[in-house]
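So for the sequence shown, the numbering used here puts the first residue at 764; every next one is plus one.
The beta-carbon is built from N, C-alpha and C at its ideal position, and this holds for glycine as well.
All values derive from a computational prediction rather than experimental measurement.
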Amino acid sequence: MVNGELLKRITVNPDICFGKPTVRGMRYPVELILDLLSSGMTNEEILADYPSLEEEDIHACLAFAAELVKVNSLEAALVA
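Okay, here's the thing in structure tokens:
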């Protein structure tokens, strides 16, 4: 799946999780999935703990984080 398609899985709704980016409008913030991955959980473990998630949702969270870093890095470079 191309990053653009993956990123469509990330939604922002002010009525869900205080407007934080979430997975497919569910109450799973991208931040949660990234925290789980950084703690060492595997995709399989996350999917077992959160059965309503799909493998592509995890990939979407990583793609979202990668895009966010690019934007923030660009902004930092422009300020410097």
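In the structure shown, what three-state DSSP assignment does residue i receive?
| i | result |
| --- | --- |
| V786 | strand |
| I779 | coil |
Tell me, which residues are paired with residue i by DSSP?
| i | result |
| --- | --- |
| I773 | V786 |
| P792 | T785 |
Hey, would you say residue i sits closer than 9 angstroms to residue j, going by beta carbons?
| i | j | result |
| --- | --- | --- |
| L769 | A826 | yes |
| Y859 | L810 | Outside the shown range of the chain (764 to 843) lies residue 859, about which nothing can therefore be said. |
| V765 | T774 | no |
| H824 | I796 | Before going further, note that residue 824 is Cys rather than His in the sequence given. Contact: yes. |
CA-CA distance, residue i and residue j?
| i | j | result |
| --- | --- | --- |
| M789 | V834 | 25 angstroms |
| L799 | E819 | 15 angstroms |
| T805 | P784 | 21 angstroms |
Need the endpoints of the alpha helix (DSSP H) that residue i sits in, please.
| i | result |
| --- | --- |
| L810 | N806 to D812 |
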